[in-house]
Each structure stands twice: as C-alpha cells, then as structure tokens.
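Trainee: After the structure tokens below, expect a handful of questions from me.
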Amino acid sequence: MTSHSNNSAMREFHFTAQDFERIRKLIYERAGIALSPAKQDMVYSRLARRLRATGTDSFAAYLARLERGDEVEMEAFTNSLTTNLTAFFREQHHFPLLAEHVKKRGEKHPISLWCSAASTGEEPYSMAMTMVDLFGTFTPPVHILATDLDTTVLQKAQEGVYPLEKLEKVPEERVKKFFLKGTGEQEGQVLVRKELRDMITFRKINLLDESWPMRGPFDAIFCRNVMIYFDKKTQYDVLKKFVPLLHKDGLLFAGHSESFYHAADLFKSLGKTVYELSPQAREHAWHG
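In structure tokens, the structure reads:
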C-alpha cells in the first residue's frame with residue numbers, strides 16, 4: 033500500500049480533496065494548525081490508523097463522527113495530527129541563557145517557568161536539569177508548568193521513561209546524575225529521577241483557548257516550534273495572552289525558525305530567538 037497522492041487508487045480508504053478540506057477546517061478550529069496542501073499524504077497515513085482503530089470504513093463517515101461532536105475521538109484525531117518532534121536540550125544555546133536569566137533574578141524566589149508545548153517531556157526536563165545545575169541542589173526554588181494539547185504525549189512525559197537512545201547527545205555525567213538506567217525487562221530504558229519529576233506539573237492546555245487556567249507571573253516561557261504551525265493572526269493572539277502572564281522582566285524563548293516581527297508591539301527580539309516584552313507591553317505585564 034502507498035499513500036502517494038498520484039497513486040490514490042491503491043489507498044486502503046477513499047480520500048478526496050473535500051475530505052482534506054474538512055480535516056483542515058477541523059484541525060484549524062481545534063488546534064490552530066494551518067495544514068498546507070503538501071501535508072495531504074501525511075494526513076492520510078496518520079488518520080488511516082484512526083479509521084482502522086475505530087472500525088470506520090470511510091473518511092466521510094469518520095469526519096461526520098467528528099463533526100457530530102465525538103469528543104473522545106476528536107482528542108485522538110488532534111493527537112494524531114500534532115507533530116511531536118522533540119529532544120533533550122534541543123536548541124541547546126537556550127539553556128545557558130535561561131540559567132543566566134534566572135541567576136539575574138537574584139533572591140526573587142521562587143522561580144516560575146512555563147513550557148507551553150511540552151510534548152513527551154524532554155524540554156521541561158531539560159529546563160529542570162538546567163535549574164538543578166544552576167542552584168547546585170536537587171530541590172531548587174523552581175516550579176515548572178509543562179503543558180500540551182496532546183494528552184497521549186503528556187502521559188508519557190509524566191511517566192518520565194525514555195529509550196536509552198534518546199540520551200545519545202546528552203553528556204554521560206548528566207545521564208548518570210539525572211537518570212536511572214533500567215535492568216531486566218526495563219533494560220535499554222531510562223527513568224528520570226523523581227526529584228526532577230517533582231519540580232514539574234503537567235497539564236493539558238490548548239493555547240487556542242480564550243483563557244488559560246493559571247496565573248502568572250512566569251519568569252520565562254518556552255514556546256518553541258509550535259508557532260510555526262499557526263498562521264500570523266493565531267500567533268499574535270497567543271503572544272498577546274502571554275503578556276499578562278509574564279513578569280515584566282521575563283523572557284520568551286521561541287523555536288529556531290520562528291520570528292515575531294509582526295508582534296513588535298508585544299515582544300522585542302534579543303537575538304537567538306529569545307524575546308523580551310516591548311516597552312508598551314510591559315505596562316500590561318505582571319509587576320510583582
């Protein structure tokens with residue numbers, strides 16, 4: 033079986049341009065993700081798994097089920113289409129900058145950080161390791177909120193169990209310090225130390241929701257490699273909601289291919305995809 037569009041006759045399920053448009057509309061409304069036509073084959077292969085899993089014989093029937101408001105399947109649909117590419121210390125240069133920023137905060141403890149696209153947990157755990165190294169203790173005065181739209185990956189993040197190959201690029205001394213290696217049935221896997229897991233609260237949050245169920249102030253927000261899936265208006269709306277939750281001197285860390293020049297009234301670039309609040313936005317930030 034192939035999923036190439038020019039071989040659509042060989043596909044297991046009939047998949048039309050109209051089906052793809054309905055999917056684009058649903059995922060945009062639900063998650064703000066703007067799917068390009070080039071993603072058609074990827075969408076087919078990911079959702080064909082859902083059709084098999086639900087015993088549905090056509091995309092038309094499956095989409096009708098979503099449009100009728102099947103919330104359980106809508107969650108599975110969203111989870112299937114959100115990309116979860118992540119790694120420990122991805123975009124490594126951000127972590128020393130985070131440490132430097134927190135150090136400057138001096139005695140203004142406790143420190144509060146938000147990882148807003150936590151995926152399977154590598155990013156918030158990297159933030160936690162950075163804080164342990166900075167404060168020289170496994171119980172630093174730091175709390176990390178880690179959120180994601182995808183409940184499946186959040187579950188994995190909370191468990192903190194990873195295949196050993198996920199740590200290939202992590203220095204050996206860090207592996208020894210922060211992970212427990214599995215033996216017997218768990219051989220080839222590692223578990224994040226409990227002290228790191230205790231620093232983090234995992235919650236499901238959709239960045240598109242009109243309001244979020246938490247209060248600031250955050251000393252830093254990581255929102256990396258998620259905005260690339262949003263159109264400019266959606267990006268602006270999300271950035272605007274970050275402002276009152278960020279401490280007036282707080283930082284926003286973005287992904288390597290993301291830039292927010294269209295939101296210059298909200299955030300000012302410091303280089304290396306790190307942003308601070310613009311002078312006018314500071315008036316609406318948290319002054320604590």
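Residue numbers for the sequence shown follow the working numbering, so the first one is 33 and each next one is one higher. Think of the CB as a built atom: it goes at the ideal place given N, C-alpha and C, for glycine as much as any other residue.
1. Just mark Glu154 as buried or exposed, buried being the case when its beta carbon has 16 or more other beta carbons within 10 Å.
2. Within 10 angstroms of its Cβ, does Gly282 collect 16 or more other Cβ (buried), or is it exposed?
3. Thinking C-alpha only, which one of Thr215, Phe262 and Phe285 is nearest Thr114?
4. For my contact list, Tyr293 and Lys300 are in at a C-beta cut-off of 8 Å; report their separation, rounded to the angstrom.
5. Are three or more beta carbon pairs between the segment 98-113 and the segment 128-137 nearer than 8 Å?
6. Do you know how far the Cα of Glu61 is from the Cα of Val75?
7. Below 7 Å CB to CB, which residues in the same chain sit around Lys280 once its five sequence neighbours on both sides are set aside?
8. Which residue from Asp73, Val202, Ala80 and Ile59 puts its Cα closest to that of Glu44?
9. Run through the segment 44-104 for me and flag every whole alpha helix (DSSP H) of 4 or more residues, listed as ranges in chain order.
10. Run through DSSP, which three-state label would Pro195 get?
11. Using a Cβ-Cβ cutoff of less than 8 Å, which residues in the same chain neighbour Lys304 once the five nearest sequence positions on both sides are dropped?
12. If you scan the segment 241-273 from start to end, which runs of the beta strand (DSSP E) of 3 or more residues do you find wholly inside it?
13. Does His288 get closer than 9 Å to chain D when you measure Cβ to Cβ?
14. Taking only three categories from DSSP, how would you classify Ser35?
15. Between which two residues does the alpha helix (DSSP H) harbouring Ser158 extend?
16. What whole-angstrom Cβ distance do Met159 and Leu145 have, given they're in contact under 8 Å?
17. Going by CA-CA distance only, name the one from Gly101, Ala150, Leu83 and Ile143 that's closest to Phe121.
18. Bridge partners of Gln221, per DSSP?
19. With Leu177 as the anchor, note down where its beta strand (DSSP E) starts and where it stops.
20. Are the CB atoms of Arg56 and Ala66 within a distance shorter than 9 Å?
21. Mind reading off the beta-carbon distance from Ile232 to Pro173? Whole number of angstroms is fine, and I expect it under 8 Å.
22. Take Ala286 as the anchor and find which of Ile253, Glu197, Thr86 and Arg206 has the nearest alpha-carbon.
23. Which partner residues of Tyr307 appear in the DSSP bridge assignment?
24. What's the gap between the Cα of Lys272 and the Cα of Leu278?
25. Express the C-alpha separation of Ser148 and Leu284 in angstroms, rounding to a whole number.
26. Can you tell me the Cα-Cα spacing of Ala119 and Arg235, whole angstroms?
27. Cα separation between Lys198 and Glu205?
28. Nearest CA to the CA of His141: which residue from Asp251, His288 and Glu290?
29. Quick check on this structure: which residue in Arg256, Arg229 and Gly87 has the alpha carbon closest to the alpha carbon of Leu29?
Mentor: Straight from the coordinates:
1. By the Cβ neighbour-count rule, Glu154 is buried, with 16 or more other Cβ atoms within 10 Å of its own.
2. Classification for Gly282: buried.
3. With respect to the C-alpha of Thr114, the residue from Thr215, Phe262 and Phe285 having the closest C-alpha is Phe262.
4. Their Cβ separation, rounded to whole angstroms, is 10 Å, which puts Tyr293 and Lys300 out of contact at 8 Å.
5. Touching, no, given that fewer than three Cβ pairs across the two stretches are closer than 8 Å.
6. Answer to the nearest angstrom: the Cα atoms are 16 Å apart.
7. Excluding sequence neighbours, Lys280 sits near Leu309, Arg314, Ala317, Trp318 and His319.
8. Per the C-alpha coordinates, the member of Asp73, Val202, Ala80 and Ile59 positioned closest to Glu44 is Ala80.
9. List check, alpha helix (DSSP H) in window: 49-63, 72-86 and 91-99.
10. Reduced to three states, the DSSP call for Pro195 is strand.
11. His125, His126 and Leu129, listed in sequence order.
12. List check, beta strand (DSSP E) in window: 250-255.
13. Within the model displayed, chain D is absent; a lone protein chain is all it includes.
14. For Ser35, the predicted structure reports a pLDDT of 41, less than 50, and the residue's modelled location is therefore unreliable. The matter cannot be settled from this model.
15. Glu154 to Phe167 is the extent of the alpha helix (DSSP H) around Ser158.
16. A Cβ-Cβ distance of about 6 Å is found for the pair Met159 and Leu145, placing them in contact under the 8 Å criterion.
17. The residue with the shortest Cα to Cα distance from Phe121 is Ala150.
18. DSSP, once it has assigned bridges, lists Pro195 as partnering Gln221.
19. For Leu177, the enclosing beta strand (DSSP E) has its first and last residue at Val174 to Asp180.
20. The criterion of a C-beta distance shorter than 9 Å is satisfied by Ala66 and Arg56.
21. In fact, because the Cβ distance is near 14 Å, the residues do not count as touching under 8 Å.
22. Relative to Ala286, the option among Ile253, Glu197, Thr86 and Arg206 whose CA is nearest is Ile253.
23. Looking at the DSSP assignment, Tyr307 forms a beta bridge with Leu284 and Ser301.
24. Here the alpha carbon of Lys272 sits roughly 11 Å from the alpha carbon of Leu278.
25. Cα-Cα distance, rounded: 11 Å.
26. Here the alpha carbon of Ala119 sits roughly 20 Å from the alpha carbon of Arg235.
27. Within the model, the alpha-carbon separation for Lys198 versus Glu205 is close to 15 Å.
28. Selected option, being the one with the closest Cα: Asp251.
29. With the chain covering 33 to 320 only, the question about residue 29 has no answer from this structure.
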